[in-house]
Amino acid sequence: MNGLALALLWLAATPPAIAADGAADVRAGADGRGEVRASIDIPAPPERVWRTILDCRLASRMTPSVKRCAVLERSADGRTETREHWIKRGLFSPMLRSVSRLELEPGRRIGFRCIGGDIDDCEGQWLLTPLDDGAATRVVYENKVSAPFGLPAGMAAAAMRRDVPAALQALKRECLENRP
């Protein structure tokens with residue numbers, strides 16, 4: 005998983021509709037589990053958006069709670085990666101480590117699943133759809149996750165409603181400003 009996806013730790017319980025232009029539709033379940041879905045249109049080609057999402061050097065610029073991002077392993081064919089992220093949300097929150105397995109369909113889809121660390125129950129994807137003959141990209145982000153330390157569902161949902169749109173807007177900014 006990339007830094008953006010991982011920083012979006014806590015979500016909701018019933019499948020929501022996709023919200024427009026970076027707004028996240030988040031549903032909180034009483035059990036602290038849930039689901040988030042959001043989308044944003046970015047006036048950049050899918051290849052640029054793809055590279056930006058996967059660039060560990062940009063992870064903390066897009067999601068400030070990501071303190072470190074590293075690729076631990078990459079398959080020879082470039083279709084899978086194992087990544088590690090270190091996340092700290094606030095002064096009094098603990099540092100969290102997560103290890104994720106990414107399934108890559110270049111320029112089109114990044115699937116992810118937590119496989120270790122403090123966050124071991126997450127699964128989601130980034131979907132990239134070309135718009136305007138490839139000059140722009142619709143990005144859809146989906147994630148299902150359990151909070152790692154019993155965070156009340158309402159607090160988790162409130163954080164997601166704030167953090168997911170901010171992260172998607174930061175992705176858009178990075179795609180337009182840095183052109184990796």
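For the sequence shown, our numbering gives the first residue as 5, with consecutive numbering after it.
For glycine and all other residues, C-beta sits at the position ideal for the given N, C-alpha and C.
Original post:
To the nearest angstrom, how far is it from the Cα of Leu-108 to the Cα of Pro-50?
Top reply: 14 Å
Original post:
Just reading off the alpha helix (DSSP H) that Ala-63 is part of, what are its end residues?
Top reply: 63-66
Subject >> Whole-Å CB distance - Gln-129 paired with Gly-120, under 8 Å assumed >> reply: Actually they are not in contact, since the Cβ atoms of Gln-129 and Gly-120 sit about 19 Å apart, beyond 8 Å.
Original post:
Roughly how many angstroms lie between the CA atoms of Ala-139 and Arg-177, to the nearest whole one?
Top reply: 16 Å
Original post:
Excluding sequence positions up to five away, which residues of its chain have a Cβ less than 6 Å from the Cβ of Ala-24?
Top reply: Confidence at Ala-24 is low in this model, with a pLDDT of 48, below 50, so the placement of that residue should be treated as unreliable; the coordinate-derived value is given next. Answer for Ala-24: no residue qualifies.
Original post:
Among Leu-135, Lys-92, Lys-148 and Asp-136, which has the Cα closest to the Cα of Cys-118?
Top reply: Lys-148
**OP:** Going by CA-CA distance only, name the one from Val-75, Leu-58 and Ser-69 that's closest to Arg-166.
**Re:** Ser-69
Subject >> Rounded C-alpha distance that separates Thr-84 from Cys-73 >> reply: 16 Å
Original post:
What is the DSSP secondary structure of Asp-136, reduced to helix, strand or coil?
Top reply: helix
Subject >> Beta-carbon contacts of Ser-4 that lie in its chain and below 6 Å, excluding the five residues immediately before and after >> reply: Past the boundaries of the shown model lies residue 4; the chain is included only from 5 to 184, so the question cannot be answered.
Subject >> Beta-carbon gap between Asp-122 and Ser-97 smaller than 8 Å >> reply: no
**OP:** Can you check DSSP and say which residues form a bridge with Cys-179?
**Re:** None; Cys-179 has no bridge partner.
Original post:
According to the neighbour-count rule (16 or more other Cβ atoms, all chains shown, within 10 Å of its Cβ), is Val-53 buried or exposed?
Top reply: buried
Original post:
Just the Cα atoms here: how many angstroms apart are Arg-113 and Ala-163?
Top reply: 25 Å
Subject >> C-beta atoms of Ala-48 and Thr-133 nearer than 8 Å >> reply: no
Original post:
Taking C-alpha atoms, which residue in Arg-87, Gly-38 and Leu-62 lies nearest to Leu-172?
Top reply: Leu-62
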